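Working notes for the structure below.
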Amino acid sequence: MINDWLVPDWPAPPRVRAFVTTRSGGVSEGEYASMNLSASGGDDPALVARNRAIVRELLPAEPRWLAQVHGVDVVEVDERAPEA
Numbered sequence: 058m059i060n061d062w063l064v065p066d067w068p069a070p071p072r073v074r075a076f077v078t079t080r081s082g083g084v085s086e087g088e089y090a091s092m093n094l095s096a097s098g099g100d101d102p103a104l105v106a107r108n109r110a111i112v113r114e115l116l117p118a119e120p121r122w123l124a125q126v127h128g129v130d131v132v133e134v135d136e137r138a139p140e141a
């Protein structure tokens, strides 16, 4: 169930796939409707967890959930990095 999520049309190897979520396809309500993936925005944590589970079902492994900020710092993620 990807709804209107964005799927790139690019010349990548067949095993490389990607998508970008939009606000469609999730379970959050009100101002957070529907695919809110942010654990820090004030949405019901149970609904955010369900939205993340929806995304996780389409991935080969658990993603790294980062707290997005606007700036110039780079985050280097490896197996030891804690999840946000």
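According to the working numbering, the residues represented by the sequence shown are 58 to 141, in order. Every residue gets a Cβ at the ideal spot worked out from N, C-alpha and C, and that includes glycine. Predicted model only: the values in this text are computed from it and were never measured.
- Collapsing the DSSP output to three states places Leu123 in coil.
- A check of alpha carbon separations from Arg74 across Arg80, Gly82 and Pro65 identifies Pro65 as the nearest.
- Bridge pairing for Val73: absent [DSSP].
- Annotation: Arg80 is outside any alpha helix (DSSP H) and is labelled neither H nor E by DSSP.
- Excluding residues up to 5 positions away in sequence, Arg80, Ser81, Gly82, Gly83, Val84 and Ser85 lie with their Cβ nearer than 7 Å to the Cβ of Ser91 in the same chain.
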